[in-house]
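Here the structure is laid out as structure tokens; the discussion comes afterwards.
Quick look at the structure:
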């Protein structure tokens, strides 16, 4: 599917030629079922008349430039793979105790994250993100509003979130985080005393797991001082569509698990909020021996 889209984006058609119409008409049904556009539509909203692939820019020059860029990324990925895990020698990878994943020092660092709120479902909460004082942190701020939209379907409202963009490799392939050498998430933040939920989004193996989420609550103390928060991965609990699951299990820390990290506020308290984030990193705490903090049991216990 990605190859078909790349061919459409890179095809060069001249005036008076109708070959592109034949190509679009033949590939249209295939691309119609793809995930090139969001399937969500607010209640009462009219469907889009034009699909995203129909707005493709047909330029041969741009396609060659894009291909050159992707090949250079593929070359770098191959070199990093041959050098060792994460592009580092194996000895350095095994002895690594800390790692900074995200820090916020420029607009480019902020562009790696996306913000969202209940405005997507008709709510009235507002959320913004910008660089903090002296460009030394990310400032996430806004206003929470729990008023439910009057669409006849939505029952709950009042949330704002910030989420990292999924890592993408060459030719738009998914890249995964390998956190198997670490057992804790380490953050330096400054909040206003309101609780936040730290979320780890996964890339599931099966479609019915697409809403699985690993979460843990982060309680900020407020005030003018920064605080450093350590959250062991053993404390994260599994939920799906906002409901905590009975069948709990630890997070898989290998490359087949992690996709994005996010922060969500939804404490049902109307009013302004703010959270400053200096950096987000990983820590291998040798003193932490806990494997999993929650009881794991078989729901269908044999008699």
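In this note's numbering, the protein residues as written are -10 to 292.
C-beta: ideal position from N, C-alpha, C; glycine also.
A quick note: this is a predicted structure, and the numbers were derived from the prediction, not measured.
C-alpha distance - residue i paired with residue j, whole-angstrom precision
{"i": "residue 201", "j": "residue 230", "result": "7 Å"}
{"i": "residue 214", "j": "residue 122", "result": "14 Å"}
{"i": "residue 49", "j": "residue 108", "result": "39 Å"}
{"i": "residue 188", "j": "residue 103", "result": "14 Å"}
{"i": "residue 106", "j": "residue 93", "result": "21 Å"}
{"i": "residue 159", "j": "residue 207", "result": "35 Å"}
{"i": "residue 236", "j": "residue 210", "result": "32 Å"}
{"i": "residue 256", "j": "residue 227", "result": "19 Å"}
{"i": "residue 91", "j": "residue 126", "result": "11 Å"}
{"i": "residue 165", "j": "residue 156", "result": "7 Å"}
{"i": "residue 216", "j": "residue 223", "result": "21 Å"}
Cβ neighbours of residue i in the same chain (closer than 7 Å, five flanking residues each side left out)
{"i": "residue 262", "result": "130, 131, 133, 181, 183, 254"}
{"i": "residue 151", "result": "102, 104, 118, 129, 251, 252"}
Paired residues, beta bridge with residue i - DSSP
{"i": "residue 127", "result": "120, 266"}
{"i": "residue 106", "result": "149"}
{"i": "residue 47", "result": "Answer is none; residue 47 lacks a bridge partner."}
{"i": "residue 87", "result": "272"}
{"i": "residue 179", "result": "265"}
{"i": "residue 61", "result": "DSSP output for residue 61 lists no bridge partner at all."}
{"i": "residue 221", "result": "173"}
{"i": "residue 233", "result": "228"}
Nonlocal neighbours in the same chain, by C-beta distance under 6 Å from residue i, ignoring five residues either side
{"i": "residue 220", "result": "174, 205"}
{"i": "residue 239", "result": "281"}
{"i": "residue 89", "result": "268, 270"}
Three-way DSSP call (helix, strand, coil) for residue i in this model
{"i": "residue 184", "result": "strand"}
{"i": "residue 251", "result": "strand"}
{"i": "residue 242", "result": "coil"}
{"i": "residue 206", "result": "strand"}
{"i": "residue 283", "result": "coil"}
{"i": "residue -5", "result": "Caution is warranted here: a pLDDT of 48 is assigned to residue -5, below 50, making its placement in the model unreliable, and the coordinate value is therefore given only provisionally. If DSSP states are grouped into helix, strand and coil, residue -5 belongs with the helices."}
{"i": "residue 201", "result": "strand"}
{"i": "residue 66", "result": "helix"}
{"i": "residue 164", "result": "coil"}
Cutoff 8 Å; reference residue i; Cβ partners in own chain excluding five residues on either side
{"i": "residue 298", "result": "Since the first and last residues shown for the chain are -10 and 292, residue 298 lies out of range."}
{"i": "residue 82", "result": "73, 74, 75, 170"}
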